[in-house]
Structures are given as structure tokens and as C-alpha cells.
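Written out below as C-alpha cells is the structure these notes cover.
Numbering (the working numbering), first residue to last: 7 to 265.
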């Protein structure tokens, strides 16, 4: 999709709302699950870091707001958002029809396909036929969980849910899992690039409506003003080249926006 897809009138409205609202807001509280490097992860001093975090901080800077990051388990992000624990979710959240029934989303931040990780030479593929009788792990509350339960469980694949992605990889290394399913780039840039992931490999990307690739910021359905602010800021990051700078920092020449 062309990044200039916003019509001029809509962009003008977003920018108008951005300017007016920025004077009324003092801070923007983002909910995040920091267990998904290089997108979101914890720092040694208890902070958060990563591509998504840098984008969130850049959005706050564009809006002239203080960014506050609140860590939360991934499967509890939507309930916590609806309860008012934070203003928006910036945590590699895929846009799905099921989630749209509960919350609203900003314009797209980036895109990422889903894949499975297995030991090299295992011959396992991301299909029910190949994984039948094998044990597959995933992080709770993700689109990968939805896909696994709908497509792989009924085919005889043993499914195991985890609270965070680090736990998934740990059991994969220790042999308690035959495969894990997650964002393909997340696995490639974190686990597979680490010493513990040296004996593992990514599969091809999975093409299925249950694992769409569009990632966006989640927000409550009654936050039209905030949505306009966020969309205006996202567009500004592209126009000023800030998005490209952040993307290059983590992924080189890879185009995540049109991935």
C-alpha cells in the first residue's frame, strides 16, 4: 500500500486535531508487553526499548506529549485498555476483525507475516499434516494462538500456551516444544540471531486470513480525538523521514511498512 494513501482533507483534519489536542493532553500512556524483541523488550533498568517503543516515543515527541510506558501481559492488554489503565496499546498488535469488535485501531504502523520456528533439519512445515502429533507453543492472546486453535489443533497438533515469548523459546530450546509460532521477523531478528537459536530456523510465511499482517496502535472506541492525533503523528513521521530513520536503525533496508 502506498504510504501516501491519506486524502488531503483527512490529513488536514488530522493535523488540525493534532494541534488542538496536543495542548489539552500532557502525557500519552502506552500499554506494552516487553517480551517481543526487537519490537518491544525490557531494559536492565526496568524501562522498555525496541522498534515499536521508538515509534511510540517519536509519536509522543511529534504531539509534544510525555510518553509513559506501562507493561502488561499481552493477553490482558485489551481488557486493561478498556478499563482505562492506559490510553493506547503499542505492542505489535495485529489488526483483526475480532479485535475490532472490542477496540479501535490507528492507521497502520507496519506489517509482519507469521511463521513457525523449528530445529534445523526437522523437515517440519507450518501445516496440520506436517505438525500432527507434534507440540507447538505460542504466546497467549496473539493471532498465532487463534490460528493454532482453528487450523492446527483440529489436525492433531498438540498446543501449548505461554504468558510471554521468552517462555516459548525457552521450552523450544529445552526440547519441550517441536515448534513455535510467532511473527516471522520477530523470530528472525531476536531468537534466531542469538546463540541459543543457532540450531533453529524459520519456516516460510503463513498465508491465511486468520494471521493478517497489519500492525497498528489499539485504542478505545470512544477515542476519536486521540485516533486523529495518532494518525496525524504517524503521517508526520513518514513525511519527515523519522519513520525511515527508526526503521533503518533496527532493520537496515527492510521495508516493514510495505512488508
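Heads up, the beta-carbon is just placed ideally off N, CA and C, and yes, glycines get one too.
Give the C-beta separation of residue 183 and residue 120 to the nearest angstrom, bearing in mind that I take them to be a contact with Cβ-Cβ under 8 Å. The pair is not a contact, with the Cβ atoms about 16 Å apart (cut-off 8 Å).
Consider the C-beta atom of residue 144 and the heavy atoms of the ligand GDP; say whether any pair is separated by less than 6 Å. As presented, the structure is devoid of all ligands, the ligand GDP included, so that no description of it is given.
Starting from the C-beta of residue 208, find all residues in its chain whose C-beta is less than 7 Å away, skip the five residues before and the five after it, and write them out in chain order. 121, 123, 190, 193, 194 and 198.
Where does residue 145 sit, in a helix, a strand or coil, going by DSSP? strand
When the distance is taken between beta carbons, is residue 256 closer than 7 Å to residue 36? No, Cβ-Cβ distance for residue 36 and residue 256 is not below 7 Å.
Contact under 7 Å by Cβ, residue 196 with residue 85: With contacts defined by Cβ atoms closer than 7 Å, residue 196 and residue 85 do not form a contacting pair.
Would residue 6 be called buried (16 or more neighbouring beta carbons within 10 Å of its own) or exposed? Limits of the chain in this structure are 7 at one end and 265 at the other, which puts residue 6 out of reach.
How many angstroms separate the CA atom of residue 117 from the CA atom of residue 219? 5 Å
If I measure Cβ to Cβ from residue 168 and keep anything under 8 Å in the same chain, skipping five residues before and after, which residues do I get? 143, 144, 145, 146, 174 and 177
Counting along the chain, where does the alpha helix (DSSP H) carrying residue 163 start and finish? Element bounds for residue 163: n/a, residue is neither H nor E.
Just curious, the alpha helix (DSSP H) that residue 136 is in, first and last residue? 134-137
So for residue 182, helix, strand or coil by DSSP? coil
Paired residues, beta bridge with residue 77 - DSSP: 38
Taking Cβ to Cβ, would you say residue 115 is nearer than 7 Å to residue 222? yes
Less than 8 Å between the CB atoms is what I'm expecting for residue 78 and residue 170, so what's the real figure, rounded? Incorrect: roughly 11 Å between the Cβ atoms, too far for contact.
Does DSSP classify residue 102 as helix, strand or coil? coil
Taking all protein chains shown into account, do 16 or more other C-beta atoms lie within 10 angstroms of the C-beta of residue 210, making it buried, or fewer, making it exposed? exposed
Residues bridged to residue 116 (per DSSP): 221
Taking just the CA atoms, how far does residue 154 sit from residue 216? 9 Å
Just to confirm before moving on: does the CB-CB distance between residue 239 and residue 65 stay below 7 Å? yes
Whole-number beta carbon distance between residue 54 and residue 75, since they are thought to touch under 8 Å: 5 Å
Any C-beta of chain C under 7 Å from that of residue 32: Among the chains of the structure shown, chain C does not appear; only one protein chain is present.
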